[in-house]
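Student: The following block contains the structure, expressed as structure tokens.
There are 2 protein chains.
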Amino acid sequence: MLHVAEAARVSVATVSALLNGTATVSPELSQRIEQAIRDIGYKRNAIARSLKMGTTRTIGLTVPHITNPFFTDVVSVIQQAFDRAGYAVMLCCTDEDLNTQDEQIRLLLDRMVDGLIVARVGDGGILKRIVEDANVPVVLLDRLCEGVDTDAVVLDNRRAVFDAVTYLIHLGHRRIGYITGTSDISPMHDRMIGYREALQAAGLPVAEELVRSGNFHEIDGYNATMQLLSLHDRPSAIFSANNPMVIGTMKAIRDIGLSCPEDISVACFDDFPWSDVFVPQLTTVAQPVQAIGEQAANLLLDRLAGNRDAPPRKLVLKGRLMIRNSCRPLGAVAQSVSA
Amino acid sequence: MLHVAEAARVSVATVSALLNGTATVSPELSQRIEQAIRDIGYKRNAIARSLKMGTTRTIGLTVPHITNPFFTDVVSVIQQAFDRAGYAVMLCCTDEDLNTQDEQIRLLLDRMVDGLIVARVGDGGILKRIVEDANVPVVLLDRLCEGVDTDAVVLDNRRAVFDAVTYLIHLGHRRIGYITGTSDISPMHDRMIGYREALQAAGLPVAEELVRSGNFHEIDGYNATMQLLSLHDRPSAIFSANNPMVIGTMKAIRDIGLSCPEDISVACFDDFPWSDVFVPQLTTVAQPVQAIGEQAANLLLDRLAGNRDAPPRKLVLKGRLMIRNSCRPLGAVAQSVSA
DNA sequence: AACGCTAATCTAAACGTTTCGAACGTGTCA
DNA sequence: TGACACGTTCGAAACGTTTAGATTAGCGTT
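Residue numbers (our numbering), protein chains in the order written: chain D, 779 to 1117; chain S, 779 to 1117.
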């Protein structure tokens, strides 16, 4: 900017004024300055600007795993939304590890991000203090956090699973296996409640041996399913509360020599592009990823626009059961081997 | 830092020296300073640091679509690698649009990223100048760029498709449909060459009506497949050079009332977590995503570590044909309806 | 006792912006 | 004619660091 100012024979203040439109500058000087900018190929240094202004027009986004298709989609939507608003987004993957998350949040804060969108992991960790300090606005994504009172957008997980399990019950299933991730995060907790409530509402017992939990990975789903299928009175249906884990479920079913839906019905959380392409077409609970991403972005953008004092807003969106053909009716005569 | 210095009754220079270990500071002062840091809850401002140092420990990463599973995986690997090295990564999605890409690169450069990893789009656009200016190191990912001479890691696309198509030919297929993305990016171009060469090597004609191109999206794959399947002499196999488009291919096959692999064989580029879970298990060309991501990260980290003058390095990795059961042998008696 | 050496600390100038208030010229009004 | 307001431009301080070079203190030598 100094060079531009010299070349245009004006002060840096004038260049700045022109660039930001913060003061009127005469057509004459404007032209000289613009010419100089072109000649020199000047680009304003956003770092210096950030230092002075105290704002970076950058936000931080952390998710557990970007390869989880739910997060892939949501990240994509959020990225687009902030891109439109002229913000950059720094992406971090916490790998479901609290220490990693804390470190990454610190890293983001060091870099003075203007805001944070967090699909948190473990208990809140450092998050709690950050929200309390209220220096940078935080919106919680997908997962609420006890003791962290801030904007959030989540799914009505309890209801979504309640509906899905009720659907299985209506098909005639009585023993429904349930595979969950570690229950220390709110969605897993709420989904489990939905499962229990659906069984109870139908007057069915909640058999603890039908509930297995794992650590969100394919292999965990595989192991959990193996256990369920080797039960002496094995379930006729399995609901997987987590998308990556259902891959393991399907592989276990195949490896054990069974097939879906003939021998066992399967449904899971989170829709994905392939879910209706192959056989069986998987029945899933689809989250409104577009809406979730946009709402999260909007909540944060609103805070960034200056609306700091409004009380925390919590948005609860509804899932949608995508009924396909991985669950078959039970009880009547066995269905034909249609596949 | 000023407050810390005051509280510890030392100068800011000493605080800085301690924090960076750039000079020895006595145990006495060290302790006072550390105490003050704890008391105040001081965090070093990375922006100010960046301004002074001219480095942000942040890199920019642009990909066309993060929802394309290939890019999802690669982004994930790259993110992890830079995280380990203490770098933050700013992620941008260019949506296969050159203007968007140029804008985002400008945005990243404004923010003084230390380096750039780009899965480029269109012709190089602004990229060319940036590489020539050589202020910030650039590594090309997945896609080379004419006239942009810089580090790159790509797949041997020609060979990968050559192998895949040759496999189809060995199965007895003679009319093999080919669906490609727009051919202005190197992988699409090279893959097409691989297709043609495989046909030629087998003494088969290259029938132009069997080649369809689209814009990388599911719907384009759907339309292309519809066209191929309505040919009077329709292909017995289809190879899709792009992953998202093969979803459209499978849906088109289903919608038209055919089934895979009984009526038509399908193979495609890029493996994904679901490819061997359902029926049919899709035969794919798997890219070594882990290696691609790591190599790209390493190339850039090496430049960032100061190795600026080495000539551009171009890494070419090999794909791997994952043979499953979406392609059936032809010519002999029709296979049983096994699915 | 004076000197030089070393180690520890400090002063002050950058880095590239923004912005406040002052300065300047010009035209208007009493 | 002088005072004043207005529109433009500028000087300089500030943002929070790093760092070169100056300063100081301590200590062994001669």
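For every residue, glycine included, the Cβ atom is placed at its ideal position computed from N, Cα and C.
Keep in mind that this is a model prediction, so the values were computed, not measured.
Pop quiz: valine 852 of chain D and methionine 868 of chain D are said to be a contact at Cβ under 8 Å. What is the actual Cβ separation, rounded to whole angstroms?
Tutor: With 8 Å as the limit, valine 852 of chain D and methionine 868 of chain D do not qualify as a contact, their Cβ atoms being about 16 Å apart.
Student: Can you tell me whether DSSP reads leucine 1099 of chain S as helix, strand or coil?
Tutor: Three-state DSSP puts leucine 1099 of chain S in a strand.
Student: Please name the residue, chosen from S/Ser1018, S/Thr1061, S/Phe940, that lies closest to threonine 960 of chain S on a Cα-to-Cα basis.
Tutor: For threonine 960 of chain S, the nearest C-alpha among the options comes from S/Ser1018.
Student: Given a cut-off of 8 Å on the beta-carbon distance, is the pair phenylalanine 1120 of chain D and asparagine 1021 of chain D in contact?
Tutor: The displayed coordinates of chain D run from 779 to 1117. Any statement about residue 1120 of chain D would go beyond what the structure contains.
Student: Please check if any C-beta of chain S sits within less than 8 Å of the C-beta of proline 1066 of chain D.
Tutor: No, proline 1066 of chain D does not count as interfacial toward chain S.
Student: If contacts are defined as beta-carbon pairs under 8 Å, then valine 1044 of chain D and valine 1063 of chain D qualify, I think. What distance do you get, rounded to the angstrom?
Tutor: With a Cβ gap of about 12 Å, valine 1044 of chain D and valine 1063 of chain D do not count as contacting.
Student: Could you check where the alpha helix (DSSP H) with arginine 862 of chain S kicks off and where it finishes?
Tutor: Residues 847 to 862.
Student: How would you call alanine 1083 of chain D, buried or exposed, if buried means at least 16 neighbouring beta carbons within 10 angstroms?
Tutor: So alanine 1083 of chain D ends up on the exposed side.
Student: What residues of chain D sit near serine 890 of chain S, judged by a beta carbon separation below 8 Å?
Tutor: It is methionine, not serine, that sits at residue 890 of chain S in the sequence shown. Chain D residues near methionine 890 of chain S: Asn823, Ala824, Ile825.
Student: Counting C-beta neighbours from all protein chains within 10 Å, is the total for valine 1094 of chain S 16 or more, i.e. buried, or is it exposed?
Tutor: Exposed, since its Cβ has fewer than 16 Cβ neighbours within 10 Å.
Student: Kindly confirm or deny that the region 927 to 946 of chain S and the region 968 to 977 of chain S touch, where touching means at least three C-beta pairs closer than 8 Å.
Tutor: Because the criterion of three Cβ pairs below 8 Å is met, the region 927 to 946 of chain S and the region 968 to 977 of chain S touch.
Student: Can you check DSSP and say which residues form a bridge with cysteine 923 of chain D?
Tutor: DSSP lists no partner for cysteine 923 of chain D.
Student: What residues of chain S sit near lysine 1029 of chain D, judged by a beta carbon separation below 7 Å?
Tutor: Result: Val1055.
Student: Are there 16 or more other CB atoms within 10 angstroms of the CB of threonine 850 of chain S, so buried, or fewer, so exposed?
Tutor: Label assigned to threonine 850 of chain S: buried.
Student: Can you tell which of D/Gly1035, D/Thr1027, D/His967, D/Arg953 has its C-alpha closest to the C-alpha of histidine 1010 of chain D?
Tutor: Considering only alpha carbons, the answer is D/Arg953.
Student: Applying a beta-carbon distance threshold of less than 7 Å, which residues of chain S neighbour serine 828 of chain D?
Tutor: The contacting residues are Ile825.
Student: So what's tyrosine 865 of chain S in DSSP terms, helix, strand or just coil?
Tutor: Correct three-state label for tyrosine 865 of chain S: coil.
Student: Would you identify the three-state DSSP class for threonine 1061 of chain D, choosing helix, strand or coil?
Tutor: In the structure shown, threonine 1061 of chain D sits in a strand (DSSP, three-state: E or B).
Student: Is alanine 1083 of chain D helix, strand or coil by DSSP?
Tutor: If DSSP states are grouped into helix, strand and coil, alanine 1083 of chain D belongs with coil.
Student: Under DSSP, the beta strand (DSSP E) around arginine 990 of chain S begins and ends at which residues?
Tutor: Start and end: 989 to 992.
Student: What residues in the region 847 to 859 of chain D bring their beta carbon closer than 9 Å to a beta carbon of chain S?
Tutor: Residues passing the 9 Å Cβ filter: Pro847, Thr850, Asp851, Val853, Ser854, Gln857, Gln858.
Student: Provide the residue span of the beta strand (DSSP E) that contains leucine 905 of chain D, from first to last.
Tutor: That residue, leucine 905 of chain D, is in no beta strand (DSSP E); its alpha helix (DSSP H) goes 905 to 911.
Student: Determine, using beta carbons only, whether valine 867 of chain D comes closer than 8 Å to chain S.
Tutor: Output row for valine 867 of chain D: interface = yes.
Student: Considering just the uninterrupted stretch of the alpha helix (DSSP H) at threonine 944 of chain D, what are its terminal residues?
Tutor: Per DSSP, threonine 944 of chain D belongs to the alpha helix (DSSP H) from 935 to 948.
Student: Check distances from the C-beta atoms of the region 903 to 917 of chain D to those of chain S and list, in chain order, the residues that come in under 8 Å.
Tutor: Within the region 903 to 917 of chain D, no residue qualifies.
Student: How about cysteine 870 of chain S and leucine 894 of chain S: are their beta carbons less than 8 Å apart?
Tutor: Taking 8 Å as the Cβ cut-off, cysteine 870 of chain S and leucine 894 of chain S do not qualify as a contacting pair.
Student: Between D/Leu918, D/Lys1092, D/Thr834, which lies nearest to arginine 889 of chain S when the distance is taken from Cα to Cα?
Tutor: Ranking the options by Cα distance to arginine 889 of chain S, first place goes to D/Thr834.
Student: Between aspartate 861 of chain D and chain S, is the shortest Cβ-Cβ distance under 8 Å, so that the two count as touching?
Tutor: Interface residue, yes.
Student: Terminal residues of the continuous alpha helix (DSSP H) containing alanine 791 of chain S?
Tutor: Residues 790 to 798.
Student: At what residue ranges does the region 986 to 1030 of chain S contain a whole run of the alpha helix (DSSP H), taking only runs of 4 or more?
Tutor: The region 986 to 1030 of chain S contains these whole alpha helix (DSSP H) runs: 996 to 1007.
Student: Is leucine 982 of chain S near isoleucine 947 of chain S, with beta carbons less than 8 Å apart?
Tutor: Going by C-beta atoms, leucine 982 of chain S is nearer than 8 Å to isoleucine 947 of chain S.
Student: Mind checking the region 1081 to 1093 of chain D against chain S and listing, in chain order, the residues whose C-beta falls within less than 8 Å of any C-beta there?
Tutor: Taking 8 Å as the Cβ-Cβ cut-off against chain S, none of the residues of the region 1081 to 1093 of chain D qualify.
Student: I need the straight-line Cα distance from valine 989 of chain S to glycine 900 of chain S, nearest angstrom please.
Tutor: About 21 Å.
Student: Given that isoleucine 997 of chain S touches chain D, what residues does it touch there, using C-beta distances under 9 Å?
Tutor: Correct list: empty, because the minimum Cβ distance to chain D is about 12 Å.
Student: Would glycine 955 of chain D and proline 1013 of chain D qualify as a contact pair, given that the criterion is a beta-carbon distance under 8 Å?
Tutor: For glycine 955 of chain D and proline 1013 of chain D, yes; Cβs fall inside 8 Å.
Student: Which same chain residues, not among the five before or five after valine 984 of chain S, have their C-beta less than 6 Å away from its C-beta?
Tutor: Correct list, in chain order: Arg974, Leu977.
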